[in-house]
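So the protein lines, in turn, are chains V and E. Letter by letter, the first sequence follows residues 1248 to 1678 of our numbering. Letter by letter, the second sequence follows residues 1248 to 1678 of our numbering.
Protein chains: 2
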Amino acid sequence: MGEIIKIGLLGLGTVGRGVYCLLADNAENIQHKTGAHLQTARILVRDPRKERRLKINPAILTGNYADIVDDPEIDIVVEVMCGIHPALDYTLQALTRGKSVVTANKNMVAIHGRELFEAAEEGHADIFFEGSVGGGIPIIRPLKQCLAANRIQKIMGIINGTTNYILTEMTLEGKSFAHALEEARAKGYAEADPTADIEGLDAAYKLTILASIAFNSRIMLEDIYVEGISRITERDIAYAKELGYIVKLLAIAKEAKEGMEARVHPAFIPSGHPLASVNGVFNAIFVQGDAVGDTMFYGRGAGEMPTASAVVSDVMDAARNRLHQVTDFIGCTCYEQKPVLPTGLAESKYYLRLLVADQPGVLASIAYAFGDKEVSLSSVIQKNTDTRRAEIVMVTHRVREQNLQDALRIIEKLSVVDEVCAVIRVEGEEV
Amino acid sequence: MGEIIKIGLLGLGTVGRGVYCLLADNAENIQHKTGAHLQTARILVRDPRKERRLKINPAILTGNYADIVDDPEIDIVVEVMCGIHPALDYTLQALTRGKSVVTANKNMVAIHGRELFEAAEEGHADIFFEGSVGGGIPIIRPLKQCLAANRIQKIMGIINGTTNYILTEMTLEGKSFAHALEEARAKGYAEADPTADIEGLDAAYKLTILASIAFNSRIMLEDIYVEGISRITERDIAYAKELGYIVKLLAIAKEAKEGMEARVHPAFIPSGHPLASVNGVFNAIFVQGDAVGDTMFYGRGAGEMPTASAVVSDVMDAARNRLHQVTDFIGCTCYEQKPVLPTGLAESKYYLRLLVADQPGVLASIAYAFGDKEVSLSSVIQKNTDTRRAEIVMVTHRVREQNLQDALRIIEKLSVVDEVCAVIRVEGEEV
């Protein structure tokens, strides 16, 4: 038990502080479980002389990354910086020099996964990234190991806390999108510029990682159809409830006839679906495998300590591997190349909300346009909004997206149609 | 990729068939992921000449366990027999001879965990048992690895499918216990003798395994307070709903001031708790850690293919370790010795249902008895059942169990009290 494994921390922001504290607070248990003392030996910060609230020996702070990456005594590097550069450069240098790296940097892993695995192989080192998706929720290792015997058929996740908080407030408290967003900002759940969260990009980065592992095929960010929640209105949320659904921003990857689908978009899911009751900033990832059936992994998707939980647990694995002088036996698992289908070929059910003139024959002309493109409807609700206009809400049966878009293009041009206000997919009904 | 790893199967019952089929059906992916072909080389069955629906080479069937345990060519033994004997003997022999063993035998692991780990260490072999709890749900490895950085504070699980099916039918369909049990039998969810499931013993075995890992301290079956669901009535289910709760059979282990609590019993949980919507034969394990906060793992808790998913994934890990000539770095993690508190010292909220005489002063005398033992009440509902009797439903504040029992002993003897019909704990309100 006398052995010491030295850790170098790149970054001391929110997650970095969490990692530092967790390694210190649970040091005794961590030593019992790994067989070594994990010592935070060096920390890269922007300004080593800045006052900090953390009790920390100033001598271990440095402004020069080489003090960590070039230090032969440092075994494991924890990369918890922001953004891809210079994090990627430092990480690749560390790996090729034989240091194992643990990161929670989803953008870096999503875009540069292949390079990271190659550098790790070259340096006979580990690259672990459990914290990059779903905060503290164990999902990367379960997919790579515990569910490895399965052919994964589908992944469907709520993997962005900001949007889930906003949608939850809209659903449970009847707030508007703008009001809920403002509140999320006030509580620190949304960044000053929330675009990446709101527009689904954050979820798309994470889906890139999850789908690549689940389907053994490298999915690129540009393969993923991405649509955010900024156009979701209180009316749609209310109609969802009326129809027995809940609105969630879902990241979906599933096997299709000739390849796979990968998309991030708001969706109606049945109110009894396990994902429907995942509220607030919580995340959950629903995984369907050919043997295991339906499983779900739930927890806090972000934050200092939940993410630190994943990072430090990864560090412990890297440390065990060091002690036994091996690296992880499961490196890159993308041994197949599956095409991602263009969204036009994907099939879904759809919820549609249209504003139309309140006069005889309107529904007939809309229904005709749908029928002509082989879009069949499973339910229709018509409500008058004022004396001249009516709101029509429809749910389709499963339909190929291209057909729906073709029909909508014709419907939008009908003189009796004021506006197609909402087009939202319906998911999760197979369960 | 040319390497072959030979598997010996002990047993060809439900799970054994699932393992055999999964190894065959997903052989290509399994080979890609492990780097070796996993070949089912030998299968122990009671009668090798029996007709089987499985397409299987009769030459690999044997009635003699030594053909597997003594065969130096067999690397990994999968133990999927029923009961502890002779499974334990075969497993110990296999381990000490250096064969890694994967088992889904919860009773064996719960009672003989220590011996299994010792034999594995002696034989430099792996003992894996992901399938022993929660069917295909990844929970053992997540606790041992992905959440390893945490001090686990609480585990609360629905880990018996039979009882969850019965309680779900009682809750959603208003069925009686007897009717729901009968239906569970008809659907194959309950065994001919359902006692071990119904009375909570099956869940207690599984809790022994989960709690020992989560709290790094070996919990024995006899340490666990066990109470089943056979006394749960439709009235209690209805009152639960009225009060905003759902009734579930929970397996709970949590840290306490001077040790830990471990118990299996029916409980009221708030209808918004993540466990409340786990229905039918599904299982879910809620885990609270000091860093990660609240997490939950959900899926099918039993059955041929879900359990085979866990077993074959374990086999793949054992195979990777063989190929790299190492064994798992995480063996027995019970490095502490925490006392399990007697239930009398545990604190809970309680739901109580009493049948009393419908006359003035009854409530006062009951309330006096509770107050005298420092049991304070948070809500009281009184309903007349007929002209002479009334039903009183109470929910207490948190109270030490001993105090509640003392008060109930006095209340039962009051001449105005006909019967204390139900005493059920209320859990999960901290979330």
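Quick reminder that beta carbons are idealized off the backbone N, C-alpha and C, glycines included.
Beta-carbon neighbours of residue 1524/V, restricted to chain E and to distances below 9 Å
Position 277 of the first sequence, counted from the first residue, corresponds to residue 1524/V. Chain E residues near residue 1524/V: 1519, 1521, 1523 and 1524.
Are at least three pairs of beta-carbons, each pair with one atom in the region 1577 to 1592 of chain V and one in the region 1644 to 1651 of chain V, less than 8 Å apart?
yes
Compute the Euclidean distance between the alpha carbons of residue 1328/V and residue 1352/V, then round it to the nearest angstrom.
Here the question's residue 1328/V lines up with position 81 in the first sequence. Here the question's residue 1352/V lines up with position 105 in the first sequence. So the two alpha carbons sit approximately 7 Å from each other.
Taking just the CA atoms, how far does residue 1399/E sit from residue 1271/V?
On the first sequence, residue 1271/V is found 24 positions in, with the first residue counted as 1. On the second sequence, residue 1399/E is found 152 positions in, with the first residue counted as 1. So the alpha carbons of these two residues sit roughly 16 Å apart.
Exposure of residue 1293/V, with buried meaning 16 or more beta-carbon neighbours within 10 Å:
Numbered from 1 along the first sequence, position 46 holds the residue referred to as residue 1293/V. With fewer than 16 other Cβ atoms within 10 Å, it is exposed.
Which partner residues of residue 1653/E appear in the DSSP bridge assignment?
If you number the second sequence from 1, residue 1653/E lands on position 406. Answer is none; residue 1653/E lacks a bridge partner.
Would you tell me roughly how many angstroms separate the C-alpha atoms of residue 1472/E and residue 1459/E, rounded to the nearest one?
Within the second sequence, numbered from 1, the residue matching residue 1472/E stands at position 225. Within the second sequence, numbered from 1, the residue matching residue 1459/E stands at position 212. Answer to the nearest angstrom: the Cα atoms are 15 Å apart.
Per DSSP, residue 1512/V is paired with what?
The residue labelled residue 1512/V in the question sits at position 265 within the first sequence. In DSSP, residue 1512/V forms a bridge with 1497/V.
State yes or no: is the beta carbon of residue 1403/V nearer than 8 Å to at least one beta carbon in chain E?
The residue given as residue 1403/V occupies position 156 in the first sequence. Closer than 8 Å: no.
Residue-chain proximity (residue 1416/V, chain E), Cβ-Cβ < 8 Å
Position 169 of the first sequence, counted from the start, is the residue given in the question as residue 1416/V. It does not: the Cβ of residue 1416/V has no partner Cβ on chain E nearer than 8 Å.
Beta-carbon of residue 1540/V versus every beta-carbon of chain E: anything under 8 Å?
For the purposes of this step, residue 1540/V is taken as the residue at position 293 of the first sequence. Yes - at least one Cβ of chain E is within 8 Å of the one on residue 1540/V.
Taking Cβ-Cβ distances below 9 Å as the criterion, which residues of the region 1578 to 1596 of chain V are in contact with chain E?
1580, 1582 and 1583
Kindly give me the distance between the Cβ atoms of residue 1366/E and residue 1343/E, rounded to whole angstroms, as I take these residues to be in contact under 8 Å.
Counted from its first residue, the second sequence places residue 1366/E at position 119. Counted from its first residue, the second sequence places residue 1343/E at position 96. Rounded, the Cβ-Cβ distance is 5 Å, consistent with contact.
Would you say residue 1280/V lies against chain E (beta-carbon separation less than 8 Å)?
Taking the first residue of the first sequence as position 1, residue 1280/V is located at position 33. Yes, its Cβ sits closer than 8 Å to a Cβ of chain E.
Roughly how many angstroms separate the alpha carbons of residue 1571/E and residue 1557/V, rounded to a whole number?
For the purposes of this step, residue 1571/E is identified with residue 324 of the second sequence, where counting begins at 1. For the purposes of this step, residue 1557/V is identified with residue 310 of the first sequence, where counting begins at 1. Going by the C-alpha atoms only, they are around 26 Å apart.
Among 1289/V, 1624/V, 1334/V and 1316/V, nearest to residue 1305/V - alpha-carbon criterion:
Counting from 1 along the first sequence, the entry for residue 1305/V is found at position 58. Among 1289/V, 1624/V, 1334/V and 1316/V, the Cα nearest to that of residue 1305/V is on 1289/V.
Report the residue ranges of all alpha helix (DSSP H) runs contained in full by the region 1385 to 1468 of chain V; include only those spanning at least 4 residues, in chain order.
1408 to 1420, 1424 to 1433, 1442 to 1445 and 1448 to 1461
6 Å CB neighbourhood of residue 1498/V in its chain, flanking five on each side removed:
Numbered from 1 along the first sequence, position 251 holds the residue referred to as residue 1498/V. Only 1404, 1406, 1450, 1454 and 1511 meet the Cβ criterion.
Count the other C-beta atoms from every protein chain shown that fall within 10 angstroms of the C-beta of residue 1267/V, then say buried if there are 16 or more, exposed otherwise.
Mapped onto the first sequence, residue 1267/V falls at position 20. When all chains shown are included, residue 1267/V counts as buried.
Less than 8 Å separating the beta-carbons of residue 1323/V and residue 1418/V?
Within the first sequence, the letter at position 76 stands for residue 1323/V. Within the first sequence, the letter at position 171 stands for residue 1418/V. Taking 8 Å as the Cβ cut-off, residue 1323/V and residue 1418/V do not qualify as a contacting pair.
Residues near residue 1448/V by beta carbon distance below 7 Å, same chain, minus five either side
Here residue 1448/V is taken as the residue at index 201 of the first sequence, counted from 1. Counting only Cβ-Cβ distances below 7 Å, and skipping sequence neighbours, we find 1473.
Suppose you measure from the CA of residue 1278/V to the CA of residue 1463/E; what does that come to, to the nearest Å?
Residue mapping note: residue 1278/V aligns to position 31 of the first sequence, counting from 1. Residue mapping note: residue 1463/E aligns to position 216 of the second sequence, counting from 1. Computed Cα separation, rounded: 13 Å.
Please return the same chain residues whose Cβ sits closer than 6 Å to the Cβ of residue 1521/E, not counting the five positions on each side in sequence.
Taking the first residue of the second sequence as position 1, residue 1521/E is located at position 274. Once the five neighbours on either side are set aside, the close Cβ partners of residue 1521/E are 1543.
Which residues of chain V have a Cβ atom closer than 7 Å to the Cβ of residue 1509/E, listed in chain order?
As a first step, residue 1509/E is located in the second sequence; it is residue number 262 there, counting from the start. Here the premise fails: no neighbours, minimum Cβ distance about 19 Å.
Which residues DSSP lists as bridging residue 1626/E, in chain order
Position 379 of the second sequence, counted from the first residue, corresponds to residue 1626/E. Its beta-bridge partners are 1642/E.
Look at residue 1657/E and residue 1603/E and say whether their C-beta atoms are less than 8 Å apart.
Counted from its first residue, the second sequence places residue 1657/E at position 410. Counted from its first residue, the second sequence places residue 1603/E at position 356. Contact flag unset, no.
Find the residues of chain V that neighbour residue 1564/E, judging by a C-beta separation of less than 7 Å, and give them in chain order.
Stepping through the second sequence from its first residue, residue 1564/E is reached at position 317. Near residue 1564/E (Cβ distances below 7 Å), the residues of chain V are 1392.
What is the C-beta distance between residue 1530/V and residue 1382/V, in whole angstroms, given that I count them as a contact (C-beta under 8 Å)?
Within the first sequence, numbered from 1, the residue matching residue 1530/V stands at position 283. Within the first sequence, numbered from 1, the residue matching residue 1382/V stands at position 135. Sure, about 7 Å apart at Cβ, within 8 Å.
Inside the region 1279 to 1334 of chain E only - alpha helix (DSSP H) runs reaching at least 4 residues:
1313 to 1316
Within 8 Å (strictly less), CB to CB, does residue 1264/V reach chain E?
Start at 1 with the first residue of the first sequence, and residue 1264/V comes out as number 17. Not an interface residue.
Limits of the alpha helix (DSSP H) - the one that residue 1560/E falls within
Within the second sequence, the letter at position 313 stands for residue 1560/E. Note, residue 1560/E: alpha helix (DSSP H), 1551 to 1570.
Can you tell me whether residue 1340/E is helix, strand or coil according to DSSP?
Here residue 1340/E is taken as the residue at index 93 of the second sequence, counted from 1. It is helical.
Spell out whether any CB of chain E is found under 8 Å from the CB atom of residue 1212/V.
Because residue 1212/V is not part of the residues shown, which for chain V are 1248 to 1678, the question remains open.
Does any CB atom of chain E fall closer than 8 Å to the CB of residue 1436/V?
As a working mapping, residue 1436/V is identified with position 189 in the first sequence. By this cut-off, residue 1436/V is not an interface position.
Is the region 1567 to 1587 of chain V touching the region 1354 to 1368 of chain V in the sense that three or more CB pairs, one from each, lie closer than 8 Å?
yes
Take residue 1487/V and list the residues in its own chain whose beta-carbon comes closer than 7 Å to its own, dropping the five residues that flank it on each side.
Reading the first sequence from its first residue, position 240 is the one you call residue 1487/V. 1493, 1494 and 1515.
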